[in-house]
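One structure is given below, encoded as structure tokens.
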Amino acid sequence: MSESIQPWQHSIKHAIRSWETLRDLLELPIEEAREPSSASSKFPLFVTREFVARMEKGNLHDPLLLQVLPHREESEALDFELLDPVGDLHAEIVPGLLQKYKSRALLITTSACAVHCRYCFRQNFPYEAAPKSLDDWEPAFDYLEKDASIDEVILSGGDPLMLVDAKLGSLMQRIESIPHIERLRIHTRLPVMVPSRVTNEFCSALQRSRLTPWIVLHINHANEIDDQVSRSIEMLRGSGAVLLNQAVLLKQVNDRADVLESLCRKLVNLGVMPYYLHQMDPVQGSARFTVPISEGLALIKDLQSRLPGYAIPKYVAEIAGQPSKTELQGSLLELHNSLA
Ligand SMILES: *Cc1c(COP(=O)(O)O)cnc(C)c1O
Ligand code: SF4
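For the working numbering, add 344 to where a residue sits in the sequence shown, where the first one is 1.
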């Protein structure tokens, strides 16, 4: 069966790959706008036009632009920044399958994304060695079949929605054929980068599936959600999937209580639960985005005074070797000290 080119694939094909195009589209002040470093050749600028359309013209500090704009710093890595900050390479049990935590395993579905986020912790993952076709994943499926303690498969990457519906469908069916798998989780930024990727075909596949679908979106700022994104999120909800969001705490992007508040409010209005606020992993060349943990804790405390409890994400860090993501909590210690 040959599949025709879908509108969302056009969006990927015509995504922006050059600094000059981005500068011209956004009418950025040329004098101020320094040319991004050549160090970006390994992980070049890449962003969809849909996402760029939500950026403010002429604003070099736009919170969406900052997430995708390469920076000289990327070629001047600091010592404490690592190539594999979260220990992914140690967690790979068979090619393309990571298991760090009990009862769930993560399949590196593809290396491709619809955006290159400058703070991405998987930007150095050796994707070349990861499986590319359904057959290549067989060792991973074998492993899953033998380990009945795993009841959830997480499709991540890269971005699993970069696969065309037919391929994603066969992958889902293969996972469904493993009796002890109950839930399918999909980590994706595509509904934000290319809202038209949320096709009827994909939604019906979720609806038909024996597995309970959980979708974890990745949205860092309320400006990322326009009407088209809202409609895609509504379609996903219509499929019966449970929707969560994870955000990364990023300096100048979302490190203010009012910014996080409007993000969380917009999410819960759309029926998406704020799940995690990640302390950024110290990946090579991303120090400009670092927010100190003490500030992150203060932000969460502030959010708690503004929003209902269900709208507050868990503030977490990923510490290699730990049995789960580590929740960062200041309040208990504070309470203890104030009572002492
Ligand atoms: C983050 C992560 C998960 C998911 O963890 P949850 O706390 O269940 O969201 C699973 N596997 C790997 C390898 C991860 O990095
Ligand atoms: S979408 Fe996710 S995996 Fe892809 S570059 Fe951004 S943070 Fe990395």
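By construction, the Cβ of each residue, glycine as well, lies at the ideal position given by its N, Cα and C atoms.
* Alpha carbon of ARG529 to alpha carbon of THR392, nearest angstrom -> Taking the straight line from one Cα to the other gives about 24 Å.
* N- and C-terminal bounds of the beta strand (DSSP E) containing GLN590 -> Annotation for GLN590: the continuous beta strand (DSSP E) segment containing it runs 586-593.
* **heavy atom of ligand 1 below 7 Å from ARG462 C-beta** => ARG462: no, Cβ never under 7 Å from ligand 1.
* For GLU364, which residues from the same chain have a beta carbon less than 6 Å from its beta carbon, with the 5 sequence-adjacent residues on both sides left out? -> Non-local C-beta neighbours of GLU364 in its own chain, meaning closer than 6 Å and more than five positions away in sequence, are absent.
* Asked: With which residues is THR670 paired in a DSSP beta bridge?
  -> Residue pairing for THR670: DSSP places it in a beta bridge opposite ALA661.
* Asked: Ordered along the chain, which non-local residues of its own chain (more than five positions away) have a Cβ less than 7 Å from that of GLU605?
  -> Only LEU647, ARG650, LEU651 meet the Cβ criterion.
* Asked: Just how far apart, CA to CA, sit ILE498 and GLU417?
  -> Across the structure, ILE498 and GLU417 are spaced so that their CA atoms are roughly 32 Å apart.
* When we look at the beta-carbon of MET345 and count the other beta-carbons within 10 Å, is it buried (16 or more) or exposed? -> Because the pLDDT at MET345 is just 45, under 50, the model does not fix this residue reliably, and the value given afterwards should be weighed accordingly. Its Cβ having fewer than 16 others within 10 Å, MET345 is exposed.
* With 16 as the cutoff for other CB atoms within 10 Å, does ARG533 come out buried or exposed? -> Taking all protein chains shown into account, ARG533 has 16 or more neighbouring C-beta atoms within 10 Å of its C-beta and is therefore buried.
* Name the residue from SER493, GLU578, VAL592 whose alpha carbon lies nearest to the alpha carbon of PRO535. => Nearest to PRO535 by alpha-carbon distance, out of SER493, GLU578, VAL592, is GLU578.
* Can you tell me whether DSSP reads MET617 as helix, strand or coil? -> Reduced to three states, the DSSP call for MET617 is strand.
* Asked: Would you say SER576 and TYR463 are within 8 Å of each other, going by their C-beta atoms?
  -> If you check the CB distance, SER576 and TYR463 do not come in under 8 Å.
* Flag LEU528 as yes when its Cβ comes closer than 7 Å to any non-hydrogen atom of ligand 1, and as no otherwise. => Answer for LEU528: no, Cβ out of range of ligand 1.
* To do: In angstroms with no decimal places, state the Cα-to-Cα distance between SER521 and LEU408.
  => As the crow flies, the alpha-carbon of SER521 is around 40 Å from that of LEU408.
* Any idea what DSSP makes of SER382, helix, strand or coil? -> Because SER382 carries a pLDDT of 49, less than 50, the predicted location of this residue cannot be relied on, and the following value inherits that uncertainty. Three-state DSSP puts SER382 in a helix.
* Can we say the stretch 633-645 touches the stretch 562-572, given the rule of at least three CB pairs closer than 8 Å? -> Result no; under three Cβ-Cβ pairs closer than 8 Å.
* First and last residue of the uninterrupted beta strand (DSSP E) at ARG448 -> Here the beta strand (DSSP E) through ARG448 covers 448-452.
* To do: For ARG552, verify whether its CB is less than 7 Å away from any heavy atom of ligand 1.
  => Result no, Cβ not under 7 Å from ligand 1.
* Which residues are close to ligand 1, meaning CB closer than 5 Å to any heavy atom, in chain order? -> Any residue whose Cβ sits closer than 5 Å to a heavy atom of ligand 1 makes the list: LEU442, LYS444, LEU450, LYS669.
* Could you give the DSSP three-state label for PRO636: helix, strand or coil? => If DSSP states are grouped into helix, strand and coil, PRO636 belongs with coil.
* **Neighbourhood of SER382 by C-beta, 8 Å cutoff - its chain only, sequence neighbours within 5 removed** => Its pLDDT being 49, under 50, SER382 is placed unreliably by the model, and the measurement read from it follows with that caveat. These residues qualify, in order along the chain: SER419.
* Which residues share a DSSP beta bridge with THR556? -> ARG527.
* beta-carbon GLY640 near ligand 2 non-hydrogen atom, thresh 7 Å -> Not under cutoff, so the answer is no.
* To do: Tell me where the alpha helix (DSSP H) around ILE498 begins and ends.
  => Counted as a single uninterrupted DSSP element, the stretch harbouring ILE498 is not any alpha helix (DSSP H) but the beta strand (DSSP E) occupying residues 496-500.
* Asked: Can you find a heavy atom of ligand 2 that lies under 7 Å from the Cβ of ASP646?
  -> No, the beta carbon of ASP646 sits no closer than 7 Å to any heavy atom of ligand 2.
* **Cut-off 6 Å between Cβ atoms - residues of its own chain near VAL586, not counting five sequence neighbours on either side** => In its chain, beyond the 5 residues on either side, TRP558 have a beta carbon closer than 6 Å to the beta carbon of VAL586.
* Cα-Cα, which of ALA601, PRO351, ALA397, ASP432 is closest to GLY665? -> Nearest to GLY665 by alpha-carbon distance, out of ALA601, PRO351, ALA397, ASP432, is ASP432.
* **Own chain, CB closer than 6 Å to SER500, minus 5 neighbours either side, in chain order** => Within the same chain, LEU450, HIS531 come within 6 Å of SER500 by CB-CB distance, once the 5 residues on both sides are set aside.
* Could you tell me if the beta carbon of HIS562 falls within a distance shorter than 7 Å of some heavy atom in ligand 2? => HIS562: yes, Cβ under 7 Å from ligand 2.
* Asked: Do ASN613 and ALA591 have their C-beta atoms closer together than 8 Å?
  -> For ASN613 and ALA591, no; Cβs fall outside 8 Å.
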